[in-house]
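Some notes on the structure that comes next.
In our numbering, the protein residues as written are 173 to 278.
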């Protein structure tokens with residue numbers, strides 16, 4: 173199961189996320205849920221990097237299926253919008269495939 177935590181700044185503005193685990197929907201290389209989530213996550217990170225001037229930190233452990241991302245130096249409206257889009261996307265995947273494979277924990 174992929175467990176997702178969305179992170180919020182003190183002012184309750186979305187400013188990061190942590191994804192852990194593998195969906196287990198199908199074998200490695202054939203898991204459409206993992207592929208969809210990975211595409212959303214990496215598109216979000218690349219978009220923040222290329223389309224905003226917002227700094228961020230990212231940590232990745234491919235073996236454990238963990239990725240941590242956090243905006244630096246406060247929020248940026250464009251970066252926050254991209255994070256909200258990611259959240260919307262994974263909510264739709266969870267709705268379509270169920271909490272057996274993907275769970276948003278907050």
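Each residue gets a CB set at the ideal place from its N, CA and C atoms; glycine is no exception.
Fair warning: this is a prediction, and the values are worked out from it, not measured in the lab.
Neighbourhood of residue 190 by C-beta, 6 angstroms cutoff - its chain only, sequence neighbours within 5 removed
177 and 240
Residue ranges of each beta strand (DSSP E) within the stretch 195 to 269, 3 or longer
228 to 233 and 238 to 243
For residue 272, does the three-state DSSP call read helix, strand or coil?
coil
Nonlocal neighbours in the same chain, by C-beta distance under 6 angstroms from residue 231, ignoring five residues either side
240
Going by the CB atoms, is the gap between residue 251 and residue 215 shorter than 8 angstroms?
no
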